[in-house]
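So for the sequence shown, the working numbering puts the first residue at 20; every next one is plus one.
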Amino acid sequence: MSSKRRKISRRGGVKKQNYTGLSLLVFGALLFYLFYSERFSILKVPHKINYEVVNGLEMPFVADSSYLVWCNKGRYIYNYSPKDKQSLWVAYTLSAKDVKNKKVKRGNDFKPSPQVLARRWQTAYKQDYRGSSYDRGHLLPSRDRVGSREENEATFYFSNISPQRQNLNRRGWMLLERYVRDVAKTYGTTYITVGGVFNKNKSYIGTGKVTIPKSFFKVILVKDGGKYRSLGFIMPNSETVKENYMKYAVSVNEVEKLTGYDFFTHLPNSIEEKCENKKKKLKVN
């Protein structure tokens, strides 16, 4: 798209420089950078996000894109819920390189997402979790983004965190995350969507009223030879969850029935239906 230049006319002699106008121009340019640069961009419409991201196999169908945000630093996309102070889901890819390319140690700086703050959406804060008996549970695991300090830090944004029972977060959920990394090492690029499932009668933690999910889901998709294979998981947000994470394995169709989301919609319908109906464990090396 071509842009038109305005013609600036000069009348009479040389005018005194307008410092006020110059200051406003510089201030405006700074605001533009803060709100529209990649680091702080707020992307409300899917087609404005990188084409490969929107059409990635990890992306669920999105009817309302008003709260859809791409986190460039962490390489994940999330559907945010201001009223719940967390994302409804996070979608991302995980490659064998992501798993093996461990260059930094895990960070621990939990903080609101700059994108959420810039949009003035409600968010969780550290104090909401204090004394709550809930862990700050990652949706995209910190261990899945260890290629640089910047991308690891992006996993600690509260847009990627949900309240999880300690036993779930430190046992079953942690082992499931490890299993998915083994899947990526075995099959290559793995397409993942993960999020919480919320009750109509909600419970909360903190003075900011951060919603506690009733359970959590995770769906994964890989290409095994010439065939696509998928698997889902639904885990209760409970202290009863132990190490046997495969106990909670289900078909992707079962996750869709529970959540109302439509996963892996960029696959041809016949392939999508076939692979989403199965609940077969993906063998890992």
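No residue lacks a Cβ here, since even glycine has one placed at the ideal position from N, Cα and C. A quick note: this is a predicted structure, and the numbers were derived from the prediction, not measured.
Proximity to residue i [Cα-Cα], best of the options
i      : options                        : result
Ser85  : Ser106, Gly215, Gly75          : Ser106
Phe177 : Arg197, Tyr144, Ala203         : Tyr144
Lys102 : Ile211, Tyr223, Asp201, Leu195 : Tyr223
Glu262 : Leu187, Val199, Ala203         : Leu187
Leu195 : Phe252, Lys242, Gly225         : Phe252
Phe235 : Lys298, Lys92, Tyr264          : Tyr264
Lys300 : Val271, Glu291, Val260         : Val271
Ala268 : Ile290, Lys237, Leu286         : Lys237
Asn256 : Gly156, Cys90, Tyr206          : Gly156
Arg149 : Glu258, Ser249, Asp243, Phe129 : Phe129
Gly207 : Leu277, Arg168, Met193, Asp243 : Asp243
Assigned secondary structure, residue i (DSSP; H/G/I helix, E/B strand, else coil)
i      : result
Asn272 : helix
Thr278 : helix
Lys266 : helix
Gly215 : strand
Phe177 : helix
Ile224 : strand
Val109 : strand
His66  : Because the pLDDT of His66 is 37, which lies under 50, any placement of that residue in the model is unreliable, and the number read from its coordinates should be weighed accordingly. In this structure, His66 counts as helix in the three-state DSSP scheme.
Asp117 : helix
Met78  : coil
Phe290 : The displayed chain sequence assigns Ile, not Phe, to residue 290. DSSP places Ile290 in helix when its eight states are reduced to three.
Asp163 : helix
Neighbour flag for residue i against chain B, beta carbons, 8 Å
i      : result
Thr205 : In summary, chain B is missing from the structure at hand, where a single protein chain is found.
Integer-rounded CB distance, given that residue j should sit under 8 Å from residue i
i      : j      : result
Val88  : Gln134 : 5 Å
Arg138 : Tyr111 : Not really, about 21 Å apart at Cβ, beyond 8 Å.
His285 : Leu76  : 5 Å
Arg162 : Glu170 : No, Arg162 and Glu170 are not in contact; Cβ-Cβ is about 12 Å, not under 8 Å.
For residue j and residue i, the rounded distance between their alpha carbons
i      : j      : result
Gly166 : Ala115 : 12 Å
Asn296 : Val216 : 21 Å
Gln185 : Gly191 : 10 Å
Val229 : Pro182 : 8 Å
Arg125 : Lys221 : 32 Å
Val260 : Met254 : 8 Å
Val241 : Val199 : 11 Å
Pro79  : Tyr280 : 7 Å
Lys233 : Gly214 : 11 Å
Pro287 : Thr209 : 18 Å
Contact under 8 Å by Cβ, residue i with residue j
i      : j      : result
Asn304 : Lys204 : yes
Leu159 : Asn179 : yes
Phe282 : Thr212 : yes
Val202 : Ile239 : yes
Ala173 : Cys90  : yes
Val81  : Tyr97  : no
Thr142 : Lys92  : no
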